[in-house]
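Here's the structure, in structure tokens; my notes come after.
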Ligand code: PEP
């Protein structure tokens with residue numbers, strides 16, 4: 001389960017909430033990743049040291065260093081103890097113009113520096129209405145993993161996040177999400193092999209809330225959730241409890 005805090009919280013709020021999660025999620029026996037804004041990562045890395053919670057960044061650049069004003073490289077994230085990085089989130093793609101080629105370069109750069117990418121894919125409302133969902137997702141997956149070995153892909157997590165479901169309160173129906181998750185798994189089986197497609201984690205993301213999470217989590221090919229809005233408060237703890245009860 002990963003929580004994408006997006007551009008939210010002050011430093012004090014971030015530290016307070018991280019401490020609360022350490023307490024409330026102390027017993028969970030599955031991977032929980034918090035993805036706060038860059039500026040809070042160092043402080044939270046200290047706070048979360050020795051706990052069962054991991055940290056992820058929400059983005060990175062694909063060069064190691066240099067004249068790239070405002071960017072953060074994977075090696076910088078690694079240096080402060082960050083394990084994961086979200087790459088290709090729909091807000092990065094649609095607001096900041098990130099292309100599939102950039103997503104591919106970022107994944108490669110992150111892997112080269114020992115980070116684990118959480119790779120986001122998903123179709124827009126218009127694309128779904130035109131029947132292009134599988135075509136769009138296939139193209140995003142193929143381009144994201146272009147040139148990557150099986151071992152490299154195994155270090156990544158995939159998040160299927162239909163753009164029309166992100167931050168809209170309109171969650172994908174469990175069968176709709178399951179269809180795409182199964183499609184992605186099958187595609188990876190074709191591109192790599194059966195072992196990879198069984199081992200890789202595919203998270204669903206898009207308006208997850210405590211009242212819709214269980215229905216998604218029981219689907220055969222949904223391995224967890226990438227949570228936006230509901231990762232900012234106690235709903236995140238409720239979501240974790242739902243997962244705990246299922247294990
Ligand atoms: C996200 O930002 O990845 C996300 C899924 O957001 P939300 O849960 O708010 O739809």
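Numbering (the numbering used here), first residue to last: 1 to 247. Beta carbons are placed, not taken as given, at the ideal position from N, Cα and C, and that holds for glycine.
Proximity of the beta carbon of residue 226 to ligand 1 is indicated: a heavy atom of the ligand is located closer than 7 Å. No Cβ-Cβ contact shorter than 8 Å links residue 163 with residue 137.
Distance from residue 157 to residue 201 at the Cβ level is roughly 5 Å; contact confirmed, criterion being Cβ atoms closer than 8 Å. Close CB contacts of residue 170 within its chain, under the 7 Å cut and outside five residues either way in sequence, are with 164, 207 (chain order). Secondary structure of residue 232 (DSSP, three-state): coil.
DSSP assignment within the region 100-177 yields the following whole alpha helix (DSSP H) runs of 4 residues or more, N-terminal first: 100-112, 125-129, 133-144, 150-153. Comparing alpha carbon positions, the residue from 150, 95, 176 closest to residue 133 is 176.
Relative to the Cα of residue 220, the nearest Cα in the group 228, 204, 233 belongs to 204. Per DSSP, residue 14 lies in no beta strand (DSSP E); the unbroken alpha helix (DSSP H) holding it starts and ends at 11-24.
Counting only residues of its own chain and dropping the five nearest sequence neighbours on each side, residue 53 has a CB closer than 8 Å to the CB of 18, 21, 22, 25, 32, 33, 34.
When the beta-carbon positions are compared, residue 40 and residue 57 stay at least 8 Å from each other. Apart from sequence neighbours up to five positions away, the residues of its chain that approach residue 42 with a beta-carbon distance below 6 Å are 80, ordered along the chain.
In this structure, DSSP gives residue 60 a state outside helix and strand, which the three-state scheme calls coil.
Distances from the CA of residue 15 to each of 55, 1, 29 were compared; the closest alpha carbon is that of 55.
With respect to the C-alpha of residue 197, the residue from 154, 237, 212 having the closest C-alpha is 154. Relative to the non-hydrogen atoms of ligand 1, the Cβ of residue 229 comes within a distance shorter than 7 Å of at least one. Here residue 72 is near residue 61, since their CB atoms are less than 8 Å apart.
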